[in-house]
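In case it helps, the numbering used here puts the first sequence at residues 473 to 683.
We put the CB at the ideal spot given by N, CA and C, even for glycine.
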Amino acid sequence: MVNAKIEKFFAALAKANPKPKGELEYTNPYTLLVAVVLSAQATDTGVNKATRSLFAAVDTPEKMVKLGEKKLRNHVRTIGLFNTKAKNILSLSKMLIERFDGKVPRDRAALESLPGVGRKTANVVLNIAFGEPTIAVDTHIFRLGNRTGLAPGKTPLAVEEALLRRVPKKYLRHAHHWLILHGRYVCKARKPDCPNCVVRQFCEYDAKTTA
DNA sequence: AACTCGGGGCA
DNA sequence: TGCCCAGAGTT
């Protein structure tokens, strides 16, 4: 995809998402980190529902340790893979207290050293909590990047690097979130809603299937 | 590269 | 009722 096309691609996404919801609503790096760890292979709505009461009372690693793994597990029981996730979140919270002064580190290697935190989760935290120009490539963005021709790549890391090269700098701050929302609700895996897609005129997939 | 974790949402 | 989901860790 050529540069002029990419610029219009993101301008259209920006216009379609004036007030993006979801992760951008988090102002606390710690609850953001916990929410993203919980969201692995689960639906965002399910995570939001389960964590609403939890985060009202528990918004620091100290409070999480005090709550304990058993009660945490009860809070997130409706989320898939909750057993492993609860264990990771307790362990991760203790590590934050012992090694990072109780704060979420603004550092990729430090973040990825935490249990349950991989490259995708680290990128979300770096972007949303600290304003770093990262792109977190999940299944949605991986599919969208390849399908549209915006950022083709064999692996998630390859797609991430392609996006970092191609996304205009002024859009880098929000590109990650726009792409996730677009992949989730419009450029869906099964049945992409091309008729209602704001970037269809820049999309190689739409050109191939409907032209 | 393949396998496992996992309850809820949705067709 | 069956299939899939805002991944990460292990083998």
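| Asked | Found |
| --- | --- |
| Straight-line gap, Trp650 to Leu485 (C-alpha atoms, nearest Å) | 6 Å |
| Leu622 (DSSP reduced to helix, strand or coil) | coil |
| Span separating the alpha-carbon of Leu598 from that of Arg656 | 21 Å |
| Residue from Arg580, Ala661 and Gly574 with nearest C-alpha to Leu616 | Ala661 |
| Range of the contiguous alpha helix (DSSP H) that encloses Met536 | Pro533 to Leu539 |
| Where Pro664 falls, given that 16 or more other Cβ within 10 Å makes a residue buried | buried |
| Heavy atom of the ligand NAD within 7 Å of Ala528 beta-carbon | The ligand NAD is absent from the structure shown, which contains no ligand whatsoever. |
| Neighbourhood of Leu635 by C-beta distance below 6 Å, restricted to the same chain and skipping five residues each side | Ile607 and Ala623 |
| As assigned by DSSP and simplified to three states, the class of Lys487 | helix |
| Classification of Pro490 by the beta-carbon crowding that lies within 10 angstroms, buried from 16 upward | exposed |
| Phe527 versus Val589: straight-line alpha-carbon distance, rounded | 19 Å |
| Continuous alpha helix (DSSP H) assignments of at least 4 residues falling wholly in the region 551 to 601 | 554 to 571, 580 to 584 and 591 to 600 |
| Close beta carbons around Asn595, own chain, < 6 Å, minus the five adjacent residues each side | Thr606 and Ala608 |
| Nearest to Asn520 (by Cα), restricted to the options Tyr498, Val639, Met536 and Glu541 | Tyr498 |
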